[in-house]
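Visitor:
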Amino acid sequence: DTGVSQDPRHKITKRGQNVTFRCDPISEHNRLYWYRQTLGQGPEFLTYFQNEAQLEKSRLLSDRFSAERPKGSFSTLEIQRTEQGDSAMYLCASSQQGQISRYGYTFGSGTRLTVV
Amino acid sequence: AQKITQTQPGMFVQEKEAVTLDCTYDTSDPSYGLFWYKQPSSGEMIFLIYQGSYDQQNATEGRYSLNFQKARKSANLVISASQLGDSAMYFCAMRESNYGQNFVFGPGTRLSVLP
């Protein structure tokens, strides 16, 4: 297992377009998280899945954002009608229940979104 | 209110010297965990060290140690024998047991190791 994979690494889109990002977690991890990081800031929590169930959503996750993890494996994050304020790095992380204290989350390298 | 404060936007350290990165936190939850992550220019967040609120001893992982002062609500990261590859952003984060599964991150400190 090579860790958490995110695709694409970079995405440039025009304002108003829809974009979708994919995250493949570490295969034995049952928890998956999405974070957003703007320039010069720490990551901010967006949402969290345990297996296929979305258990938490931040208030940052407006109606234009939707996340899925249909079979409890990979996850997608879709942003509809993108706005310039959506420009950020979108980070995915995974963890195995009960192992956070030893290993923390394992993060992917992120998808950098630029809305022009 | 800021839950995690990192007051040093940037730090410089000479190679082979030790450096301390500051982190203070705010919580009313008696059960919480504190984490430090390193983010190099490639963007990936790398887990460094963990300290639980009930842990009696300060955490250590190789060249990393955490100076945990519970009464002061501080969890400073100490890097010994700095290496050029330590140059990166460093984030302090907290996970509160009563507030779900997510981490709250601080704004980060950029560490530059000088040859």
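Listed in order, the protein sequences are those of chains B and S. Everything in the first sequence is counted per my numbering, starting at 2 for the first residue and increasing by one. Everything in the second sequence is counted per my numbering, starting at 37 for the first residue and increasing by one. Glycine residues also receive a C-beta, built at the ideal position from the N, C-alpha and C atoms.
Beta-carbon of Tyr86 (chain S) versus every beta-carbon of chain B: anything under 8 Å?
Guide: Taking Cβ atoms only, chain B reaches closer than 8 Å to Tyr86 (chain S), which makes this a yes.
Visitor: With a cut-off of 8 Å, do at least 3 Cβ pairs link the segment 80-89 of chain B to the segment 58-67 of chain B?
Guide: At 8 Å Cβ cutoff, the stretches touch.
Visitor: Going along chain B, which residues have a C-beta under 8 Å from Ser78 (chain S)?
Guide: What Ser78 (chain S) touches in chain B: Ser110.
Visitor: At which residues does the alpha helix (DSSP H) containing Arg103 (chain B) begin and terminate?
Guide: Start and end: 101-104.
Visitor: At a CB distance below 9 Å, what residues from the segment 102-123 of chain S approach chain B? Give them in sequence order.
Guide: Against chain B - using a Cβ distance shorter than 9 Å - the segment 102-123 of chain S contributes no residues.
Visitor: Answer yes if the segment 43-52 of chain B comes into contact with the segment 14-24 of chain B, meaning at least three C-beta pairs across the two stretches below 8 Å, and no otherwise.
Guide: Cβ pair count under 8 Å is below three, so no.
Visitor: Using a Cβ-Cβ distance cut-off of 8 Å, determine whether Pro44 (chain B) contacts chain S.
Guide: With 8 Å as the cut-off, Pro44 (chain B) counts as an interface residue toward chain S.
Visitor: Residues in its own chain within less than 7 Å of Ser88 (chain B) by CB, not counting five upstream and five downstream?
Guide: Hits under 7 Å: Leu114, Thr115, Val116.
Visitor: Taking the beta strand (DSSP E) that Ala129 (chain S) belongs to, which residues open and close that run?
Guide: Start and end: 124-132.
Visitor: Hey, Ser101 (chain S) and Val49 (chain S): beta-carbon distance below 8 Å or not?
Guide: No, the Cβ-Cβ distance between Ser101 (chain S) and Val49 (chain S) is not below 8 Å.
Visitor: Quick one: is Gly56 (chain B) buried, meaning 16 or more other Cβ sit within 10 Å of its Cβ, or exposed?
Guide: Correcting the residue identity first, residue 56 (chain B) is Leu in this sequence and not Gly. That one is exposed.
Visitor: Using a threshold of 8 Å, state whether the C-beta atoms of Asp40 (chain S) and Phe104 (chain S) are closer than that.
Guide: In the sequence as displayed, the identity of residue 40 (chain S) is Ile instead of Asp. Cβ atoms of Ile40 (chain S) and Phe104 (chain S): not closer than 8 Å.
Visitor: Name the chain B residues that come within less than 7 Å of Pro21 (chain S), Cβ to Cβ?
Guide: Only positions 37 to 151 of chain S appear in the structure, and residue 21 (chain S) is not among them; the question remains open.
Visitor: So is Asn94 (chain S) in contact with chain B if we call contact Cβ pairs under 8 Å?
Guide: Taking Cβ atoms only, chain B never reaches closer than 8 Å to Asn94 (chain S), which makes this a no.
Visitor: Should Gly105 (chain B) be flagged as near chain S, meaning a C-beta pair shorter than 8 Å?
Guide: Yes, because at least one Cβ of chain S sits closer than 8 Å to the Cβ of Gly105 (chain B).
Visitor: For Gly69 (chain S), which residues in chain B fall below 8 Å Cβ to Cβ?
Guide: Those within 8 Å of Gly69 (chain S) in chain B are Ile101, Ser102.
Visitor: According to the Cβ coordinates, are Leu147 (chain S) and Tyr126 (chain S) closer than 8 Å?
Guide: Cβ distance < 8 Å, so Leu147 (chain S) and Tyr126 (chain S) count as in contact.
Visitor: Whether or not the segment 82-98 of chain S and the segment 97-115 of chain B are in contact is what I'm after, with contact meaning three or more pairs of Cβ atoms, one per stretch, closer than 8 Å; do they touch?
Guide: Touching, yes.
Visitor: Which residues share a DSSP beta bridge with Gly69 (chain S)?
Guide: Per DSSP, S:Gly88, S:Arg131.
Visitor: Go to Gly46 (chain S), then tell me how far its beta strand (DSSP E) extends in each direction, as first and last residue.
Guide: It spans 46-50 - the beta strand (DSSP E) in which Gly46 (chain S) sits, taken as one unbroken run.
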